[in-house]
Every structure is written in structure tokens, then in C-alpha cells.
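What follows is a set of notes on a single structure, which appears directly below.
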Ligand SMILES: [Zn+2]
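In the working numbering, the protein residues as written are 6 to 244.
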């Protein structure tokens, strides 16, 4: 790193970074940057900590980027095309806000807010946790959102999760198959909370789909169907 160092994102006028608003990598202006170098004498390790405030040149959104790297984190390989030995340092880059991996569905906005503000907040906490790479919190949040859903559907809040599911099935809110899948969802939330289980992205995606379907069917679609029914003129007009 002895030659001129422009930072982990290259020269200022050529920088690109993932804009959280555009949802993709865009060209950015650098509004702030600070590059700190550190060195530890004993083990003879040195490194860089870089902080940036970027502004997307497309939508003008501001976001924060951090990159860290040190003299021990590199890959060594022989480049057969160039015919030379290459040592490449690995930067750990992180962004805030991060690029959303889990977009919020349109029905989870105003429609859900109108149906129940608490459930709306809980579901959005789940999306935030998923988009912030916090899988355990996302799983626990899903269980809490399910709890609220059951309560809104008239299930006694004092019952255990298993009993709540059975109540929902008996009340015709969920099918036997959905109950089986939801048991997995609830168990996943408890496993994360009490047994240190860390759900994988694919697990979370399945859990999210089940929860979303339940909430959408009962609190968004039902209302829309009722409105639709009201808007259709009755077949036989009373005389
Ligand atoms: Zn943008």
C-alpha cells in the first residue's frame, strides 16, 4: 500500500456504491471521507478504516459506507494471463442503510396500517431486521407478529402457541396444512429465542411467506373483497 491510495472505492470522481433508494450500484459523489491508518508494532500488522458519506448521483440520497482492511487479510494467487504473482487485499465493506434484500409488499403499507397499526409496525420490524441481516431478530419478530395476528382473530392471548394454532384451525382461519407449516414457523422463532438457532436466509424466506399470506388474507384481502362486493350492483333490484 505504498503507492498513492485513493481508498477502497477508488478515485473520488469515479466512485460507485449501492444506493439504498435506487436499489442498485450507482455513481456517487463523496460528501465526506476519512481514512484512518493503524499499525500494531508487536505482531506488525497494519490496516485501514475508511468512512464515507456518499450521495447518489441519480436520486441524491445520502448513505454511509465503511470499509476495513488489514495487512493480514489478503489472497495470494498466480495470474497465469499476466504471468505474475498477485497479492490482493480484501476489504470488508458495509453500507448503511443497506440495500434492501426484502422489499416491502405494497399491501403491507397503508392497507395494513388501516387494519391494525400494531401488526403493521411488527411486520415492518421484521422487514427491517431481514434487511439489516439480523436473522434471529427477524425470526423472533415473525413469532410476535403471528401472536398479534392470532389475537386480532379472536384467539385467547393466554394460550400457548400450539393451542393458538389449533384454535385458528378450528375457527376455520387456517387449514390443517397451514397449521403444520405455522408450527414450523413458531418453533423456528422459539428455537432462535431460546436455543441459539440461527435461521438461514432460505428458512426466513419460507417463514416470511407463511406469515405474509396469513396477514394478507385476513386483514387486507378480506376487506378488499368486501369493498368489491359492495361496489357490485345487486342482480335483482327491489321493486
Ligand atoms: Zn439513488
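Idealized CB from N, CA, C, for every residue including glycine.
Note that the structure is predicted; figures quoted are calculated from it, not measured.
Spatial distance of residue i from residue j (CA atoms)
{"i": "residue 74", "j": "residue 45", "result": "14 Å"}
{"i": "residue 79", "j": "residue 28", "result": "29 Å"}
{"i": "residue 206", "j": "residue 237", "result": "43 Å"}
{"i": "residue 157", "j": "residue 227", "result": "14 Å"}
{"i": "residue 122", "j": "residue 145", "result": "19 Å"}
{"i": "residue 167", "j": "residue 93", "result": "53 Å"}
{"i": "residue 214", "j": "residue 26", "result": "24 Å"}
{"i": "residue 115", "j": "residue 132", "result": "16 Å"}
{"i": "residue 7", "j": "residue 211", "result": "In this prediction, residue 7 has a pLDDT of 48, which is less than 50 and means its spatial position is unreliable; nothing more can be read from the coordinates."}
{"i": "residue 174", "j": "residue 183", "result": "9 Å"}
{"i": "residue 100", "j": "residue 70", "result": "4 Å"}
{"i": "residue 230", "j": "residue 66", "result": "38 Å"}
{"i": "residue 225", "j": "residue 216", "result": "13 Å"}
{"i": "residue 127", "j": "residue 143", "result": "10 Å"}
{"i": "residue 189", "j": "residue 181", "result": "13 Å"}
{"i": "residue 37", "j": "residue 194", "result": "41 Å"}
{"i": "residue 176", "j": "residue 185", "result": "15 Å"}
{"i": "residue 134", "j": "residue 147", "result": "10 Å"}
{"i": "residue 160", "j": "residue 138", "result": "32 Å"}
{"i": "residue 110", "j": "residue 149", "result": "19 Å"}
{"i": "residue 200", "j": "residue 169", "result": "22 Å"}
{"i": "residue 219", "j": "residue 9", "result": "56 Å"}
{"i": "residue 90", "j": "residue 20", "result": "27 Å"}
{"i": "residue 197", "j": "residue 117", "result": "27 Å"}
CB-CB length for residue i against residue j, believed under 8 Å
{"i": "residue 124", "j": "residue 154", "result": "6 Å"}
{"i": "residue 112", "j": "residue 221", "result": "6 Å"}
{"i": "residue 106", "j": "residue 136", "result": "6 Å"}
8 Å Cβ cutoff met for residue i and residue j
{"i": "residue 52", "j": "residue 76", "result": "yes"}
{"i": "residue 17", "j": "residue 35", "result": "yes"}
{"i": "residue 68", "j": "residue 102", "result": "yes"}
{"i": "residue 41", "j": "residue 54", "result": "yes"}
{"i": "residue 179", "j": "residue 151", "result": "no"}
{"i": "residue 24", "j": "residue 63", "result": "yes"}
{"i": "residue 57", "j": "residue 14", "result": "yes"}
{"i": "residue 108", "j": "residue 209", "result": "no"}
Short CB-CB distance (under 8 Å) between residue i and chain D
{"i": "residue 202", "result": "No chain D is present in this structure, which holds just one protein chain."}
### Task
Could you tell me which uninterrupted beta strand (DSSP E) segments, each at least 3 residues in length, are contained entirely in the region 44–107, listed from first to last along the chain?
50–61, 67–75, 79–84, 89–94, 97–101
### Query
What alpha helix (DSSP H) runs, 4 residues minimum, are completely inside the region 163–238?
166–175, 181–199, 206–220, 227–236
### Message
Give the residues whose C-beta lies closer than 6 Å to at least one heavy atom of ligand 1, in chain order.
### Response
24, 26, 27, 31, 61, 63, 64, 66
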